[in-house]
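Undergrad: In order, the protein sequences belong to chains S and G. Using my numbering, read the first sequence as starting at 442 and increasing by one per residue. Using my numbering, read the second sequence as starting at 354 and increasing by one per residue. First, the structure itself, so that you have it in front of you.
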Amino acid sequence: MTTVLLTDIVIFVLALLVGFEVISKVPATLHTPLMSAANSIHGIVLAGAMLIAVTAHDALGYILAFIACAFAAMNVVGGYVVTGRMLKMFRRSRTPVPAADTASAVTGNGQVPVTVKGGQA
Amino acid sequence: MSAFDWITQLLYVAAATCFVLGLHLMNSPATARRGNQVSTAGMIIAVATTLALVAHADTVTTTGWIVMIAGALLGGGAGLYAARKVEMTAMPQLVSIFNAVGGGAAALVGIDDYVRLASGGIAESTTIFTILDVLIGAVTFSGSIIAAGKLQGLIDGSPITFPGSRAANIAAAAIAVGGGIYMIATPSVAVLIIIILAALAFGVTMVLPIGGADMPVVISLLNAFTGTAVAMAGFVIGNWALIIAGALVGASGGILTKLMADAMNRSIRNIIVGGFGTGDSGPAIAGPGGDVRSIQADDAAIQLAYAQKVIIVPGYGLAAAQAQHQVAELAALLEERGVEVSYAIHPVAGRMPGHMNVLLAEANVPYPQLKEMDEINPEFPRTDVALVIGANDVTNPAARRPGNPVSGMPILDVDHAKSIIVIKRSMGHGYAGIDNELYVDPKTSMFFSDAKSALTELTGAVKTLVG
Chain S
442 MTTVLLTDIV IFVLALLVGF EVISKVPATL HTPLMSAANS IHGIVLAGAM LIAVTAHDAL
502 GYILAFIACA FAAMNVVGGY VVTGRMLKMF RRSRTPVPAA DTASAVTGNG QVPVTVKGGQ
562 A
Chain G
354 MSAFDWITQL LYVAAATCFV LGLHLMNSPA TARRGNQVST AGMIIAVATT LALVAHADTV
414 TTTGWIVMIA GALLGGGAGL YAARKVEMTA MPQLVSIFNA VGGGAAALVG IDDYVRLASG
474 GIAESTTIFT ILDVLIGAVT FSGSIIAAGK LQGLIDGSPI TFPGSRAANI AAAAIAVGGG
534 IYMIATPSVA VLIIIILAAL AFGVTMVLPI GGADMPVVIS LLNAFTGTAV AMAGFVIGNW
594 ALIIAGALVG ASGGILTKLM ADAMNRSIRN IIVGGFGTGD SGPAIAGPGG DVRSIQADDA
654 AIQLAYAQKV IIVPGYGLAA AQAQHQVAEL AALLEERGVE VSYAIHPVAG RMPGHMNVLL
714 AEANVPYPQL KEMDEINPEF PRTDVALVIG ANDVTNPAAR RPGNPVSGMP ILDVDHAKSI
774 IVIKRSMGHG YAGIDNELYV DPKTSMFFSD AKSALTELTG AVKTLVG
């Protein structure tokens, strides 16, 4: 029992340190997607919520299992989908980056003309 | 350990590795998407492994299966719908809601474990983690809902205090902690309910007095709380995947919170205790110390259209008015006329670090036009027009002098530009609660309007001008 607990604590502390190390290198631009990504990772609580069902044998257990599963599933599914949406936007607008500064002006114009023409018509 | 145990435990290790790698890939925009995919793969492995564990346990009743699957489908569906439908400007509140449900689920894992074992006696070592799990989870749950309500405008965004609110907050904390200590010595479900209620009350009274502009920092803090609660849940049920993932999120949320607070030159303690903006230490608010020049769309359009170099300074007002598409359209039009356009992004512009980048990326603004503060500041002196849209405190030159609430805050050197146009709804204050000296600068013209309609008018006026 004590050994298991000690192992758990060691894992916890090491994971904290890994988290600090990995995350402190992220540029400011990506902070919002990062927050969202971290947010979806704590959706892992779904695993815990599912394990409630293993021992649920009365009304209270079922209610707790149901709410916990619903909450956790919302966290995990919503979190990943919204992070993906955000990052997709980043990539689309980043495509012109390698083409240097002159190209960016072209892209800037090239992306909007539909709106501009519509406005002039 | 049986072969089955080995396989499932190793799969959990694989899942945890995916989470770490996924976060690591978020370092660079080029690999960020892959990072999210790797992280998603890890989550699928973890959930599938858990499903196998649940099936293998063979103690799950039919009702148990139905409850589990129905709950997951309902929650997953709701999450999917919300994530797909949400406006990018409403992102922070959605993250906050996900924090709430994540924290709530973690608390429920602890509650279930405690209630189930209460009759059979609980080993003290795990009781501590159960109590921490329930307390942190419950605080996150109620606090995140209040934070989301404030950002969504359902709850007044200004700091809300009532007589004795500070005392109520302290009392709730004392009851939660005292009850928790009591529970370690004497297991009691009644006390558990009391500390849950106290923790919920603490979450509410903690977030209510914090102003809307500080919400990003609070959400980040609550994100870290949720991670910690999940790690505690991992201790409760003896699951490594929860411990590792929760600790990762706890660490990341903590760092993000500090980064955001630093960018606003505030300490986290200051925000939580309620520093400026709450009226506690209100600096003498002087009236506008000079004449304000207001400007109409036509004049502003002429200035912009005949400029060589324009820097757009987007702020909270742009995000609130959801005017990112309008600003992109105006910028594209100016570029077509040969004006050099770039955007100056303050680290805390919008509602979260990097939030403005996401919004402008959504409007297809070419990435090279987005410049960070250190990069753009030297360019202001050779800028013809700085167009400030709904940004306030981050442009206040008063920050360079000591002795006021924004002192020392890194700012954009907008006042160094040759002329400045500010789009703003009124002369109202930013969250620092002081006048912006930029607005009374002789080089500044104020365009009083909502960001969205102002930009539409400007674009129209430039088009008319061009013919």
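C-beta: ideal position from N, C-alpha, C; glycine also. Every value quoted in this text rests on a predicted model; they were computed, and no experiment measured them.
1) Quick check on residue 443 of chain S: does DSSP put it in helix, strand or coil?
2) If you drop the 5 nearest sequence neighbours on each side, which residues of the same chain put their C-beta closer than 7 Å to that of residue 610 of chain G?
3) Taking residue 651 of chain G as the reference, give the member of G:490, G:436 and G:811 with the closest Cα.
4) Determine whether the Cβ of residue 382 of chain G lies closer than 8 Å to any Cβ atom of chain S.
5) From what residue to what residue does the beta strand (DSSP E) around residue 780 of chain G run?
6) Going straight from the alpha carbon of residue 804 of chain G to that of residue 668 of chain G, what length do you get?
7) By the 7 Å beta-carbon criterion, what residues does the stretch 458-473 of chain G contribute toward chain S?
8) Any residues in the stretch 726-754 of chain G with a beta carbon nearer than 8 Å to a beta carbon of chain S? Which ones, in chain order?
9) Are residue 697 of chain G and residue 664 of chain G close, meaning C-beta to C-beta below 8 Å?
10) Checking contacts by CB at 8 Å: is residue 524 of chain S closer than that to chain G?
11) Is residue 808 of chain G helix, strand or coil when you go by DSSP?
12) To the nearest angstrom, report how far apart residue 473 of chain S and residue 744 of chain G are at their CA atoms.
13) Excluding the 5 residues flanking residue 525 of chain G on each side, which residues of the same chain have their C-beta closer than 8 Å to its C-beta?
14) Given this structure, state the Cα-to-Cα distance separating residue 595 of chain G from residue 604 of chain G, to the nearest angstrom.
15) Can you pull the chain G residues whose beta carbon is under 7 Å from the beta carbon of residue 429 of chain S, in chain order?
16) On the DSSP bridge assignment, give the partners of residue 647 of chain G in chain order.
17) Give a yes or no on contact between the stretch 445-458 of chain S and the stretch 580-593 of chain G, applying the rule of three or more CB pairs nearer than 8 Å.
18) With distance defined between alpha-carbon atoms, name the residue in G:680, G:541 and G:583 nearest to residue 806 of chain G.
19) Does any CB atom of chain S fall closer than 8 Å to the CB of residue 355 of chain G?
20) If you run the structure through DSSP and keep just helix, strand and coil, what is residue 535 of chain S?
21) Quick test of your reading: residue 530 of chain S and residue 715 of chain G, contact by CB under 8 Å. State the CB separation rounded to the nearest angstrom.
22) Any chance you could list the alpha helix (DSSP H) runs of at least 4 consecutive residues sitting entirely within the stretch 516-601 of chain G, in chain order?
23) Between the stretch 360-371 of chain G and the stretch 385-400 of chain G, do at least 3 Cβ pairs fall closer than 8 Å?
24) Can you name, in chain order, every residue of its own chain whose Cβ lies under 7 Å from the Cβ of residue 389 of chain G, other than the five neighbours on each side?
25) Hey, how far is the Cα of residue 501 of chain G from the Cα of residue 593 of chain G?
26) Would you list the one or two residues that DSSP bridges to residue 365 of chain G?
27) Counting only beta-carbon separations shorter than 8 Å, does residue 451 of chain S have a partner in chain G?
28) Could you tell me if residue 581 of chain G is buried or exposed, where buried requires 16 or more neighbouring beta carbons within 10 angstroms of its beta carbon?
29) Could you check whether the Cβ of residue 484 of chain G sits closer than 8 Å to any Cβ belonging to chain S?
30) Give a yes or no on whether the minimum CB-CB distance between residue 444 of chain S and chain G is below 8 Å.
31) Starting from residue 475 of chain S, follow its DSSP beta bridges and name the residues at the other end.
32) Could you tell me which of G:446, G:523 and G:512 sits nearest to residue 562 of chain G, measuring between CA atoms?
33) Here's a check: name, in chain order, each residue in its chain whose Cβ is nearer than 7 Å to the Cβ of residue 405 of chain G, leaving out the five neighbours to either side.
34) Give me the Cβ distance between residue 511 of chain S and residue 424 of chain G, rounded to the nearest whole Å; I'm assuming they're in contact under 8 Å.
35) State yes or no: is the beta carbon of residue 492 of chain G nearer than 8 Å to at least one beta carbon in chain S?
36) When the distance is taken between beta carbons, is residue 488 of chain G closer than 8 Å to residue 529 of chain G?
TA: To lay it out plainly:
1) In the first sequence, the residue the question calls residue 443 of chain S occupies position 2. Looking at residue 443 of chain S - three-state DSSP - the assignment turns out to be helix.
2) The residue given as residue 610 of chain G occupies position 257 in the second sequence. Sequence-distant partners of residue 610 of chain G (beyond 5 residues in either direction) whose C-beta falls short of 7 Å from its own C-beta, in its chain, are 570, 573, 574, 577 and 621.
3) Within the second sequence, the letter at position 298 stands for residue 651 of chain G. Answer by Cα proximity: G:811.
4) What you label residue 382 of chain G is simply residue 29 of the second sequence in a count that begins at 1. Between residue 382 of chain G and chain S, the shortest Cβ-Cβ separation is below 8 Å.
5) On the second sequence, position 427 is the one that residue 780 of chain G refers to. Careful: residue 780 of chain G lies outside any beta strand (DSSP E) and carries neither H nor E.
6) Reading the second sequence from its first residue, position 451 is the one you call residue 804 of chain G. Reading the second sequence from its first residue, position 315 is the one you call residue 668 of chain G. In this structure, the alpha-carbon of residue 804 of chain G lies about 10 Å from that of residue 668 of chain G.
7) Contact annotation: in the stretch 458-473 of chain G, residues whose CB is within less than 7 Å of a CB in chain S are 458, 459, 461, 462, 464, 465, 468 and 469.
8) From the stretch 726-754 of chain G, no residue has a Cβ closer than 8 Å to chain S.
9) Stepping through the second sequence from its first residue, residue 697 of chain G is reached at position 344. Stepping through the second sequence from its first residue, residue 664 of chain G is reached at position 311. In contact: residue 697 of chain G and residue 664 of chain G (Cβ atoms closer than 8 Å).
10) For the purposes of this step, residue 524 of chain S is identified with residue 83 of the first sequence, where counting begins at 1. Residue 524 of chain S counts as touching chain G.
11) Numbered from its first residue, the second sequence carries residue 808 of chain G at position 455. Of the three classes helix, strand and coil, the one that applies to residue 808 of chain G here is helix, per DSSP.
12) As a first step, residue 473 of chain S is located in the first sequence; it is residue number 32 there, counting from the start. As a first step, residue 744 of chain G is located in the second sequence; it is residue number 391 there, counting from the start. Going from the Cα of residue 473 of chain S to the Cα of residue 744 of chain G covers about 19 Å.
13) Here residue 525 of chain G refers to the residue found at position 172 of the second sequence. So the qualifying residues of the chain are 551, 552, 554, 555 and 558.
14) Translated into the one-based positions of the second sequence, residue 595 of chain G becomes position 242. Translated into the one-based positions of the second sequence, residue 604 of chain G becomes position 251. Straight-line Cα distance between these residues: approximately 14 Å.
15) Residue coverage of chain S in this structure runs from 442 to 562, which leaves residue 429 of chain S outside it and unanswerable.
16) In the second sequence, the residue the question calls residue 647 of chain G occupies position 294. Residue 647 of chain G is bridged to G:799.
17) When C-beta atoms of the stretch 445-458 of chain S are compared with those of the stretch 580-593 of chain G, three or more pairs fall below 8 Å, so the two segments count as touching.
18) As a working mapping, residue 806 of chain G is identified with position 453 in the second sequence. Closest by alpha carbon: G:680.
19) In the second sequence, residue 355 of chain G corresponds to position 2, counting from 1. Residue 355 of chain G does not count as touching chain S.
20) Indexing the first sequence from 1 puts residue 535 of chain S at position 94. Summary for residue 535 of chain S: the model assigns pLDDT 41, below 50, so the residue's position carries little reliability, and this model does not support an answer.
21) As a working note, residue 530 of chain S is residue 89 in the first sequence. As a working note, residue 715 of chain G is residue 362 in the second sequence. Contact flag correct, Cβ pair sits at about 5 Å.
22) Within the stretch 516-601 of chain G, the alpha helix (DSSP H) runs of at least 4 residues that lie entirely inside it are, in chain order, 518-538, 542-560 and 568-590.
23) Under the 8 Å Cβ criterion, the stretch 360-371 of chain G counts as touching the stretch 385-400 of chain G, having at least three qualifying pairs.
24) By 1-based counting over the second sequence, the position of residue 389 of chain G is 36. The answer, listed in chain order, is 375.
25) Taking the first residue of the second sequence as 1, we reach residue 501 of chain G at position 148. Taking the first residue of the second sequence as 1, we reach residue 593 of chain G at position 240. Between residue 501 of chain G and residue 593 of chain G, the C-alpha separation is close to 31 Å.
26) Numbered from 1 along the second sequence, position 12 holds the residue referred to as residue 365 of chain G. Residue 365 of chain G pairs with nothing; no bridge assigned.
27) The count along the first sequence starts at 1 and reaches residue 451 of chain S at position 10. No, residue 451 of chain S lies away from the interface with chain G (no Cβ there is under 8 Å from its Cβ).
28) For this step, residue 581 of chain G is matched to residue 228 along the second sequence. Classification of residue 581 of chain G: buried, given that the 10 Å Cβ count is 16 or more.
29) Stepping through the second sequence from its first residue, residue 484 of chain G is reached at position 131. So, not an interface residue.
30) Here the question's residue 444 of chain S lines up with position 3 in the first sequence. Chain G has no Cβ within less than 8 Å of the Cβ of residue 444 of chain S.
31) Your numbering for residue 475 of chain S matches position 34 in the first sequence. Answer is none; residue 475 of chain S lacks a bridge partner.
32) Counting from one through the second sequence, the residue named residue 562 of chain G turns up at place 209. Of the candidates G:446, G:523 and G:512, the one whose C-alpha sits nearest the C-alpha of residue 562 of chain G is G:512.
33) If you number the second sequence from 1, residue 405 of chain G lands on position 52. The answer, listed in chain order, is 361.
34) Mapped onto the first sequence, residue 511 of chain S falls at position 70. Mapped onto the second sequence, residue 424 of chain G falls at position 71. Right, the Cβ-Cβ distance comes to about 4 Å (below 8 Å), so this counts as a contact.
35) Residue mapping note: residue 492 of chain G aligns to position 139 of the second sequence, counting from 1. No, residue 492 of chain G does not count as interfacial toward chain S.
36) Walking along the second sequence from the start, residue 529 of chain G turns up at place 176. Walking along the second sequence from the start, residue 488 of chain G turns up at place 135. Yes, they are a contact pair.
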